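Chains A and B are the protein sequences, given in the same order. Quick note: the first sequence, position 49, residue 294 per the working numbering, numbers continuous. Quick note: the second sequence, position 53, residue 60 per the working numbering, numbers continuous. Report on the structure given below.
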Amino acid sequence: MFKATVIIKRRPTIVDPQGKAVEQGAKLLGFNNVSQTRIGKYIEFFVNGNDVHSAKQEVEEYCHKLLANPIMEDYEYTLDEVK
Amino acid sequence: MKIKFGVVVFPGSNCDHDAYYSVKKVLNHDAEFLWHKTTDLKNSDVIILPGGFSYGDYLRTGSIARFSPIMEQVINFAEKGGKIIGICNGFQVLLEAGLLPGVMLKNESLKFICKDIYLKVENFNTIFTSNIPKNVVKIPIAHGDGNYYTDSETLNSLIKYNQIVFRYCDTNGNVSASDNPNGSLENIAGIINKSGNILGMMPHPERCCDPKLGKTDGMFIFNSIIKSFVN
Chain A
246 MFKATVIIKR RPTIVDPQGK AVEQGAKLLG FNNVSQTRIG KYIEFFVNGN
296 DVHSAKQEVE EYCHKLLANP IMEDYEYTLD EVK
Chain B
8 MKIKFGVVVF PGSNCDHDAY YSVKKVLNHD AEFLWHKTTD LKNSDVIILP
58 GGFSYGDYLR TGSIARFSPI MEQVINFAEK GGKIIGICNG FQVLLEAGLL
108 PGVMLKNESL KFICKDIYLK VENFNTIFTS NIPKNVVKIP IAHGDGNYYT
158 DSETLNSLIK YNQIVFRYCD TNGNVSASDN PNGSLENIAG IINKSGNILG
208 MMPHPERCCD PKLGKTDGMF IFNSIIKSFV N
């Protein structure tokens, strides 16, 4: 079995109103050195099986078809074997 | 001749009854609810993907509903030229399903906006707009994710093929950034596919059909669809 950890980020060219709003809050709190706040998603799940290649394939497909929308998001992931 | 509207019901749809009421009780045509787990469109002439919060808007708006069992049939129906209107969350489902191009981002203000807005009809030569008798219609919006976005190549194609059907505007039909409620690219409020049988729009025409509610501009859109079967 493998544990997959996926991070989904908005593409750099796409504005992130949530990140902007949070950063406004940061400025109000006095975090004056903070800039370019962007909000993404963190998703974790397990993949059954022992073959890392087929696990990778499954994660890729899951990310591409459902977890991320390739028009506006990029994804990256790590896969760790669970013993 | 009565036209049959199939209103798809996803878990979390909440404008399904408004759509049903408008086409059946106000316009006096047939309507039937289609639960998302069925794969039978019940001989519907038109499919309505209604507004709401399918699957709680989890992950991305419309992203999970897009894989509901009924959607495979809806996609088949679309490919055969079936007429589909996606309203608000229904528009988001159409985008996620790839039946229309682009995505919806959160409103620029991050606020859920619920108010009447004005739309400039940009293309009257569609089955959804041919019966609209004026250039500007007043229809309510109610959404948190209506900020339409697509890449410049797709945008140019939408413009080239006249696929932008509605733009947010002022009462006189002037389209400018100050009348853009949500930050939508080019003030886009509604688009059709290239073949012209699928419309997605963020405003809610089903909420302004009954004269008792004080507004009836939404009726023009449903009447256009109905007329398209007669012509």
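By construction, the Cβ of each residue, glycine as well, lies at the ideal position given by its N, Cα and C atoms. Note that this is a predicted model, so its numbers are computed, not measured.
Return no unless some Cβ of chain B is closer than 8 Å to the Cβ of residue i.
| i | result |
| --- | --- |
| ASN278/A | no |
| ILE252/A | no |
| ILE259/A | yes |
| ILE316/A | yes |
| GLN331/A | Nothing can be reported for residue 331/A, as the shown portion of chain A is limited to 246 through 328. |
| ALA300/A | no |
| LEU324/A | no |
| ALA266/A | yes |
Shortest alpha-carbon distance to residue i belongs to which of the options?
| i | options | result |
| --- | --- | --- |
| ILE139/B | ASP177/B, THR223/B and VAL53/B | THR223/B |
| ASN96/B | ILE82/B, ILE77/B, ALA72/B and TRP42/B | ALA72/B |
| GLY4/B | SER61/B, ALA38/B and LYS31/B | Because chain B in this structure spans residues 8 to 238, residue 4/B falls outside the shown range and cannot be described. |
| GLY44/B | TYR27/B, SER75/B and ASN200/B | According to the sequence as given, residue 44/B is Lys; it is not Gly. Nearest C-alpha to LYS44/B: SER75/B. |
| PHE173/B | GLY105/B, ASN142/B and GLU160/B | ASN142/B |
| ALA249/A | CYS308/A, ASP319/A and ASN314/A | CYS308/A |
| LEU220/B | SER159/B, ALA38/B, ILE146/B and SER51/B | ILE146/B |
| TYR125/B | ASN181/B, THR157/B and GLY109/B | ASN181/B |
| LYS201/B | PHE40/B, VAL14/B, VAL16/B and LEU107/B | LEU107/B |
| VAL237/B | PHE12/B, MET209/B and ILE134/B | ILE134/B |
| GLY264/A | GLU115/B, ILE233/B, ILE195/B and SER231/B | GLU115/B |
| ARG67/B | ALA266/A, ARG255/A and PHE290/A | ARG255/A |
| PHE84/B | PRO57/B, ASP47/B and TYR65/B | ASP47/B |
| GLU79/B | ALA184/B, GLY58/B and GLY105/B | GLY105/B |
| VAL110/B | LYS328/A, LEU324/A and GLU318/A | GLU318/A |
| CYS216/B | VAL30/B, VAL14/B, ILE77/B and PHE17/B | VAL30/B |
| ILE199/B | PHE119/B, CYS121/B and LYS90/B | LYS90/B |
| THR157/B | LEU112/B, HIS211/B and VAL53/B | LEU112/B |
| THR178/B | GLY197/B, ASP123/B and THR161/B | ASP123/B |
| ILE233/B | PHE17/B, ALA38/B and VAL16/B | ALA38/B |
| GLU86/B | ILE10/B, ILE54/B and ILE94/B | ILE54/B |
Helix, strand or coil for residue i? Go by DSSP, reduced to three states.
| i | result |
| --- | --- |
| THR161/B | helix |
| CYS308/A | helix |
| GLY190/B | coil |
| ARG73/B | helix |
| PHE84/B | helix |
| PRO218/B | helix |
| TYR62/B | helix |
| SER183/B | coil |
| ILE316/A | coil |
| ALA104/B | coil |
| LYS301/A | helix |
| PHE40/B | strand |
| LYS113/B | coil |
| VAL33/B | helix |
| ILE199/B | strand |
| LYS127/B | strand |
| ILE92/B | strand |
| ILE239/B | As shown, chain B starts at 8 and ends at 238. That puts residue 239/B outside it, with no answer to give. |
8 Å is my cut-off, CB to CB: does residue i come that close to chain A?
| i | result |
| --- | --- |
| LEU117/B | yes |
| GLY93/B | no |
| MET97/B | Note that residue 97/B corresponds to Gly in the displayed sequence, not to Met. No, GLY97/B does not count as interfacial toward chain A. |
| TYR156/B | yes |
| SER183/B | no |
| SER70/B | yes |
| LYS113/B | yes |
| VAL144/B | no |
| ARG174/B | no |
| GLY109/B | yes |
Could you spell out the range, first to last residue, of the beta strand (DSSP E) harbouring residue i?
| i | result |
| --- | --- |
| GLU289/A | 286-292 |
| GLY13/B | 11-16 |
| LEU56/B | 53-56 |
| ASN154/B | 154-156 |
| THR250/A | 247-255 |
| ILE205/B | 205-208 |
| LEU48/B | It is not in any beta strand (DSSP E) - LEU48/B carries neither H nor E in the DSSP assignment. |
| TYR175/B | 171-176 |
| PRO147/B | 143-150 |
Let's see if you can read the secondary structure: which residues bound the alpha helix (DSSP H) around residue i?
| i | result |
| --- | --- |
| GLY225/B | 225-237 |
| PRO262/A | 262-273 |
| HIS24/B | 23-28 |
Which residues in chain D sit within 9 Å of residue i, going by Cβ to Cβ distance?
| i | result |
| --- | --- |
| LEU273/A | No chain D appears in this structure, whose protein chains are A and B. |
Tell me whether residue i counts as near the ligand ZN, meaning its Cβ is closer than 7 Å to at least one heavy atom of that ligand.
| i | result |
| --- | --- |
| LYS286/A | Of ligands this structure carries none, so the ligand ZN is not represented either. |
### Query
With a cut-off of 8 Å, do at least 3 Cβ pairs link the region 95-104 of chain B to the region 205-222 of chain B?
yes
### At least three beta-carbon pairs within less than 8 Å, the region 167-182 of chain B to the region 125-133 of chain B
yes
### Task
Pair every Cβ in the region 298-305 of chain A with every Cβ in the region 8-26 of chain B, then say whether three or more of these pairs are closer than 8 Å.
no
### Task
Indicate whether the contact test is met: 3 or more Cβ pairs, each with one atom in the region 283-298 of chain A and one in the region 308-327 of chain A, closer than 8 Å.
yes
### At least three beta-carbon pairs within less than 8 Å, the region 180-195 of chain B to the region 225-237 of chain B
no
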